[in-house]
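This report refers to the structure that appears directly beneath it.
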Amino acid sequence: METVRQVLALRSRIRTWRAAGERIALVPTMGALHAGHLSLLGIGRRRAHRVVATIFVNPKQFGANEDLDRYPRQEMADAALLRQAGCDLLFAPEPATVYPAGFSTNVSVGGLDRPMEGASRPGHFDGVATVVTKLLLMAFPDVAIFGEKDWQQLAIIRRLVADLDIPVEIVGAPILRDPDGLAMSSRNAYLSPQHRAVAAALPRTLSATITSLREGSAVAETLSTARAALQSAGFKVDYLILADGATLQPLEALSPGARLFAAAKLGTTRLIDNMEVQAP
Ligand code: PAF
14 METVRQVLAL RSRIRTWRAA GERIALVPTM GALHAGHLSL LGIGRRRAHR VVATIFVNPK
74 QFGANEDLDR YPRQEMADAA LLRQAGCDLL FAPEPATVYP AGFSTNVSVG GLDRPMEGAS
134 RPGHFDGVAT VVTKLLLMAF PDVAIFGEKD WQQLAIIRRL VADLDIPVEI VGAPILRDPD
194 GLAMSSRNAY LSPQHRAVAA ALPRTLSATI TSLREGSAVA ETLSTARAAL QSAGFKVDYL
254 ILADGATLQP LEALSPGARL FAAAKLGTTR LIDNMEVQAP
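Rendered as structure tokens:
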């Protein structure tokens, strides 16, 4: 597996494959890869002849008080994992390649970027939308794969691709979980052993909440019980919301397409998760 850092090199490899009639899958990442990312690669391999992964820790999606500097960077280890997973090409650009001097365009997807992560992390989704638009236009893949753990990000990317007529199929990859249920995330590495031991209370509480909702409990009361359970397990809850999976609008009652979304901090580590709530 070759690593390229320049857009011209990326495009030239992809052009050769296209000329041979091959389909291209793109898996954008920020590195610090885990089994969840490798499952995106597996989906790419099933849907295309060639899989291109990107590793770029995108400064534009980190707020001033966020963890850009301490975000794990381990390109050699990541490249080894990608090679084993059958990746054909790694695009790992420098920040100045993605954002050269004078860069001044901002892609902003209105509406879907307001609730949940958008409310807690102002500007985050502009950063995501801008870099994803750039990566899609750099590579022009047939299909691009994003994890459902970042459900709001996935909804925003689907919207921007539709709005900007970017000819790519966006595929969501189901969340991969550790044996105790914690959604896999590069940020789990920040958890202290004590916090890691309680982290699975987040998915457990979401599952229990879904069970109560499906049994007919009132939404507001059930969410407030769940919030209290998370707080007593040591979480600082940012949000716990029942919302429509497509519009992300909060719901006061169960309806088809409903999902439960949560973000909560253990110490300085912020965890997010979401689960489908199938109406009974
Ligand atoms: O989900 C991520 O890892 C990032 O937000 C993405 C999509 C690679 C954009 O930087």
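Residue numbers (this note's numbering): 14 to 293. All residues carry an ideal CB built from backbone N, CA and C; glycine is no exception. Bear in mind the structure is a predicted one, so any value in this text is a computation, not a measurement.
Beta-carbon gap between residue i and residue j smaller than 8 angstroms
i	j	result
residue 288	residue 47	no
residue 100	residue 66	yes
residue 250	residue 273	no
residue 4	residue 132	Residue 4 lies beyond the residue range present for the chain, which begins at 14 and ends at 293; the question has no answer from this structure.
residue 92	residue 69	no
residue 151	residue 23	yes
residue 85	residue 199	yes
residue 44	residue 134	no
residue 103	residue 94	no
residue 286	residue 275	yes
residue 142	residue 111	no
residue 78	residue 140	no
residue 267	residue 292	yes
residue 26	residue 17	yes
residue 173	residue 120	yes
residue 54	residue 109	no
Local conformation of residue i per DSSP, three classes
i	result
residue 79	coil
residue 179	coil
residue 89	helix
residue 188	coil
residue 233	helix
residue 203	helix
residue 9	With the chain covering 14 to 293 only, the question about residue 9 has no answer from this structure.
residue 227	helix
residue 20	helix
residue 111	helix
residue 218	helix
residue 140	helix
residue 41	strand
Backbone CA spacing between residue i and residue j [nearest angstrom]
i	j	result
residue 202	residue 213	14 angstroms
residue 157	residue 209	31 angstroms
residue 284	residue 167	17 angstroms
residue 321	residue 216	Any answer about residue 321 is impossible in this case: the structure gives the chain only from 14 up to 293.
residue 263	residue 242	21 angstroms
residue 125	residue 138	9 angstroms
residue 40	residue 189	16 angstroms
residue 175	residue 245	42 angstroms
residue 237	residue 231	10 angstroms
residue 73	residue 113	13 angstroms
residue 254	residue 80	25 angstroms
residue 193	residue 21	44 angstroms
residue 280	residue 248	8 angstroms
residue 240	residue 90	38 angstroms
residue 14	residue 181	24 angstroms
residue 154	residue 52	18 angstroms
Classification of residue i by the beta-carbon crowding that lies within 10 angstroms, buried from 16 upward
i	result
residue 82	exposed
residue 226	buried
residue 129	buried
residue 148	buried
residue 117	exposed
residue 165	buried
residue 220	exposed
residue 32	exposed
residue 195	buried
Other residues of its chain near residue i: CB distance less than 7 angstroms, five sequence neighbours each side excluded
i	result
residue 42	50, 66, 67 and 68
residue 170	145, 159 and 183
residue 235	222, 225 and 226
residue 56	158, 184 and 186
residue 282	200, 203, 204 and 208
6 angstroms Cβ shell around residue i - same chain, five flanking residues per side excluded
i	result
residue 63	30, 35, 37 and 101
residue 252	129 and 276
Sequence-distant residues of the same chain with beta carbon closer than 8 angstroms to residue i, five excluded per side
i	result
residue 259	168 and 270
Residue i Cβ short of 7 angstroms to ligand 3 heavy atom set
i	result
residue 71	For the structure depicted, ligand 3 is absent and the ligand set comprises only ligand 1.
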